[in-house]
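Residue numbering for the first sequence is 2 to 291, as defined by our numbering. The beta-carbon is built from N, C-alpha and C at its ideal position, and this holds for glycine as well. These notes are about the structure you will find just below.
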Amino acid sequence: MPELPEVETIRIGLATLITGKQILHVASNNQKSFPNSQPDIDQFLLNSSVLNVRRRGKVLIIELSSQYSLIIHLKMTGQLVFSGDGVHFGAGHPNASLVGNLPDSSTRAVLTFEDRSKLFFNDQRKFGWMRLVPTIEIENIDFFKKMGPELLSKQFGPTDFKSRLMRRPRSSIKAVLLDQTIVAGIGNIYADESLWGAKIHPQTLVQDLSPVNIKHLYSSIIEVLSLSINKGGSTDKNYIDAEGRKGSYLSFAKVFRREGLACPRCGTLIRKIRVAGRGTHVCENCQKLN
DNA sequence: CACTTGACCTGTCCGC
DNA sequence: TGCGGACAGGTCAAGT
Numbered sequence: 002m003p004e005l006p007e008v009e010t011i012r013i014g015l016a017t018l019i020t021g022k023q024i025l026h027v028a029s030n031n032q033k034s035f036p037n038s039q040p041d042i043d044q045f046l047l048n049s050s051v052l053n054v055r056r057r058g059k060v061l062i063i064e065l066s067s068q069y070s071l072i073i074h075l076k077m078t079g080q081l082v083f084s085g086d087g088v089h090f091g092a093g094h095p096n097a098s099l100v101g102n103l104p105d106s107s108t109r110a111v112l113t114f115e116d117r118s119k120l121f122f123n124d125q126r127k128f129g130w131m132r133l134v135p136t137i138e139i140e141n142i143d144f145f146k147k148m149g150p151e152l153l154s155k156q157f158g159p160t161d162f163k164s165r166l167m168r169r170p171r172s173s174i175k176a177v178l179l180d181q182t183i184v185a186g187i188g189n190i191y192a193d194e195s196l197w198g199a200k201i202h203p204q205t206l207v208q209d210l211s212p213v214n215i216k217h218l219y220s221s222i223i224e225v226l227s228l229s230i231n232k233g234g235s236t237d238k239n240y241i242d243a244e245g246r247k248g249s250y251l252s253f254a255k256v257f258r259r260e261g262l263a264c265p266r267c268g269t270l271i272r273k274i275r276v277a278g279r280g281t282h283v284c285e286n287c288q289k290l291n
């Protein structure tokens with residue numbers, strides 16, 4: 002569920018909360034979530050401190066002073082929640098009811114910093130993972146090597162977008178937007194929202210898109226992602242930011258999770274269909290199939 | 001080779 | 001009320 006805007010929101014929060022802090026202790030109760038048997042951990046995680054927090058696509062990268070980095074993929078239900086000075090999760094915190102007391106049954110790993118503040122890696126469905134890798138090797142890791150360009154990068158524009166899409170001309174545009182090797186960061190929510198914004202049916206084959214379609218889609222994606230980052234991302238069920246806050250983007254969504262409601266543009270009832278194996282929200286009046 | 005589907009998980013919701 | 005099954009969606013392996 003965390004897509005680019007959610008991960009970016011977490012990154013911004015984490016950067017201010019943990020940059021400069023030294024890691025004293027790490028605990029994991031699930032080898033898939035975080036294999037804490039790695040010999041590297043004692044040497045390169047403990048007693049190292051956080052240099053910065055970066056993002057690549059939907060992946061967080063916590064760079065450490067040891068020249069190692071923690072790479073974190075939250076997948077569907079992962080959360081990173083910080084608890085420490087100035088940020089309290091207990092009685093009186095406005096989000097206490099959302100976060101509850103930690104650790105809880107979904108906590109898979111906990112980092113403890115030198116000031117006793119903690120970072121909880123919660124993940125109900127155990128799809129997410131955290132790995133310790135040498136910083137210099139990050140770009141050689143397979144999924145980073147295969148990952149498409151950053152949509153919000155200044156070096157990335159509509160022409161690049163078009164040439165990336167054309168790598169999969171015979172697939173539906175929705176499947177291609179979800180493919181992280183084409184462009185990085187879009188998931189189900191923002192695929193549906195940007196396609197609605199560009200008035201393109203999700204099942205349209207890439208080769209059937211007009212140049213104008215592609216231009217509109219590019220603008221729509223940038224607009225939707227930027228708006229969502231400004232709203233702190235989307236909260237459906239599990240997403241919260243590093244301080245335990247929900248995002249408000251979903252209240253701005255035009256089609257996602259709005260099946261049976263009126264399309265804000267034309268009033269036609271929004272339908273939920275299945276495209277590329279995913280639940281897909283569409284206004285079949287605005288978004289006509291070519 | 002290009003593309004689609006199923007598995008990985010667990011909590012929630014719906015229908016009987 | 002209880003229970004089985006569908007569903008949620010990011011990614012990779014397996015299947016067509």
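Contacts around residue i, its chain only, beta-carbon distance under 6 Å, and the 5 residues preceding and following it disregarded
i           : result
residue 29  : 35, 37, 110
residue 76  : 128, 129
residue 55  : 62
residue 251 : 235
residue 79  : 124, 129
Distance CB(residue i)-CB(residue j) smaller than 8 Å
i           : j           : result
residue 114 : residue 19  : yes
residue 249 : residue 222 : no
residue 265 : residue 255 : yes
residue 59  : residue 133 : no
residue 24  : residue 46  : yes
residue 147 : residue 182 : yes
residue 112 : residue 184 : no
residue 218 : residue 253 : no
residue 107 : residue 84  : no
Span separating the alpha-carbon of residue i from that of residue j
i           : j           : result
residue 149 : residue 197 : 23 Å
residue 213 : residue 168 : 18 Å
residue 170 : residue 176 : 11 Å
residue 122 : residue 63  : 13 Å
residue 131 : residue 232 : 26 Å
residue 259 : residue 126 : 25 Å
residue 206 : residue 48  : 51 Å
residue 215 : residue 281 : 19 Å
residue 65  : residue 44  : 12 Å
residue 173 : residue 209 : 9 Å
residue 166 : residue 13  : 29 Å
N- and C-terminal bounds of the beta strand (DSSP E) containing residue i
i           : result
residue 135 : 130-135
residue 164 : From DSSP, residue 164 is part of no beta strand (DSSP E) but of the alpha helix (DSSP H) over 159-166.
residue 224 : Counting along the chain, residue 224 falls outside any beta strand (DSSP E), though it belongs to the alpha helix (DSSP H) covering 212-231.
residue 52  : 51-57
residue 60  : 60-65
Continuous alpha helix (DSSP H) stretch holding residue i: start and end
i           : result
residue 202 : Note, residue 202: premise wrong, no alpha helix (DSSP H); not H, not E.
residue 147 : 143-147
Sequence-distant residues of the same chain with beta carbon closer than 8 Å to residue i, five excluded per side
i           : result
residue 179 : 187, 188, 189, 192, 277, 279
residue 263 : 269, 270, 271
residue 32  : 38
Close Cβ partners of residue i (< 7 Å) along its chain, the five nearest in sequence each way excluded
i           : result
residue 202 : 283, 288, 289, 290
According to DSSP, residues forming a beta bridge with residue i
i           : result
residue 9   : Answer is none; residue 9 lacks a bridge partner.
residue 78  : Partner(s): none; residue 78 has no beta bridge.
residue 262 : Paired residues: none, contrary to the question.
residue 112 : 27, 120
residue 274 : 281
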